[in-house]
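I have placed the structure first, in the form of structure tokens, so that the comments after it can refer back to it.
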Amino acid sequence: KAGVTQTPRYLIKTRGQQVTLSCSPISGHRSVSWYQQTPGQGLQFLFEYFSETQRNKGNFPGRFSGRQFSNSRSEMNVSTLELGDSALYLCASSLPNNEQFFGPGTRLTVL
Amino acid sequence: GEDVEQSLFLSVREGDSSVINCTYTDSSSTYLYWYKQEPGAGLQLLTYIFSNMDMKQDQRLTVLLNKKDKHLSLRIADTQTGDSAIYFCAEPLISLGNMLTFGGGTRLMVKP
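Those protein sequence lines, which keep their order, are chains A and B.
801 is the number of the first residue of the first sequence in my numbering; add one for each residue after it.
1024 is the number of the first residue of the second sequence in my numbering; add one for each residue after it.
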């Protein structure tokens, strides 16, 4: 069974731009969560989607948004990028309330 | 909010045992996880333990859970250089969907 895939793996943007990251979950998994990892703040929860509905949201500004499609694939969007948004963005998929399996991440650099 | 705490760094010699410790605060967690992150990679689920268990063994890995003290540990027997990585403990907040709260991670360095 294929694992969680994330695209792109690396991304360089400039301040003020917006970015969209994509995540394809493990087949059969309908829950997708997103996390931000930075050296200073560690791993922080962004949001979780289940059956195309946002089930929970972390403490991030409204510039961070996401969605989930009917095939369970998910995207997250960050608008008006700031330098502090530079991070590794990790996506995880799971069965409901079950162990989460992570993708390799998208490393975003904001210049 | 709930905090999960870990020591930052651990150095051991190849062949020795490694013990990575974690404390958590949410006593309602039904299970707790250990993840491994190698440089430039995502998180790999190593093992997990249900809250009604005291110990779980999986090959070289042993997880101990002390619910009274809210203390979790991961023991790696016969540590190898390939075990060098950052190890995270995590607890889910089931009341908030499937959100995981992570510790800050313990960097394990294995010297040959």
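Ideal placement from N, C-alpha and C gives every residue a C-beta, glycine not left out.
If you draw a straight line from the Cα of Gly842 (chain A) to the Cα of Ser870 (chain A), it comes to about 31 Å. Judged by their CB atoms, Leu1123 (chain B) and Gln900 (chain A) are nearer to each other than the 8 Å cut-off. Leu1031 (chain B): not part of any beta strand (DSSP E); DSSP gives it neither H nor E. The C-alpha of Gln837 (chain A) is placed about 15 Å away from the C-alpha of Leu811 (chain A). The Cβ-Cβ distance between Leu1097 (chain B) and Leu1116 (chain B) does not fall below 8 Å. The beta carbon of Gln1080 (chain B) sits closer than 7 Å to no other beta carbon from its chain once the five residues preceding and following it are set aside. At a beta-carbon threshold of 9 Å, none of the residues of chain B lie near Gln836 (chain A); the nearest stands roughly 11 Å away. Among the CB atoms of chain B, one or more fall inside 8 Å of the CB of Glu848 (chain A). Taking the Cα of Thr909 (chain A) as reference, the smallest distance to any Cα among A:Pro896, A:Leu895, A:Gly903 and A:Asp885 is reached at A:Asp885.
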